[in-house]
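For the sequence shown, our numbering gives the first residue as 3, with consecutive numbering after it. Positions of the beta carbon are idealized from the N, C-alpha and C atoms, including for glycine. Note that the structure is a prediction, hence the values are computed from the model and not measured. In what follows, a structure is listed as structure tokens, so that the remarks can point back to it.
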Amino acid sequence: MPPSHDPIATLGTSLGKQVIIKCKRHKTFTGILKSFNTHLNVLLEDVSYAFFERSTEEENAALIEKSENFDRIVLRGDSIVFIGLK
């Protein structure tokens, strides 16, 4: 049987696996894909969240990468730019 070209079906094969999700505003989430729906709202577990913050309030201030960890997080589908499957 040829591989599926349906993005939702392809995403379904990654349930229970680690994925990387890039969102608007340069936010990146890495975690275990637990579930999703047709709107691409996703539930991740064991999540690492990386983002950038300016070092000061000045517009030309350097960007500093920061990160946080979460046990579980829900991401809204319309904020997702891409999902990387490992």
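| Item | Value |
| --- | --- |
| Straight-line CA distance for Asn108 to Phe53? | Beyond the ends of the chain as shown, which are 3 and 88, falls residue 108; an answer cannot be given. |
| Grouping DSSP H, G and I as helix and E and B as strand, with all else coil, what is Ala63? | coil |
| In the DSSP output, which residue or residues are listed as bridge partners for Thr30? | Lys24, Ala52 |
| What does a CB cutoff of less than 6 Å around Asp80 pick up in its chain, not counting 5 residues either side in sequence? | none |
| Tell me, which residues are paired with Val44 by DSSP? | Phe38, Leu77 |
| Report the option in Arg74, Glu47, Ser69, Gly14 whose CA atom is closest to the CA atom of Phe38. | Gly14 |
| At what residues does the alpha helix (DSSP H) containing Gly14 begin and finish? | 9-14 |
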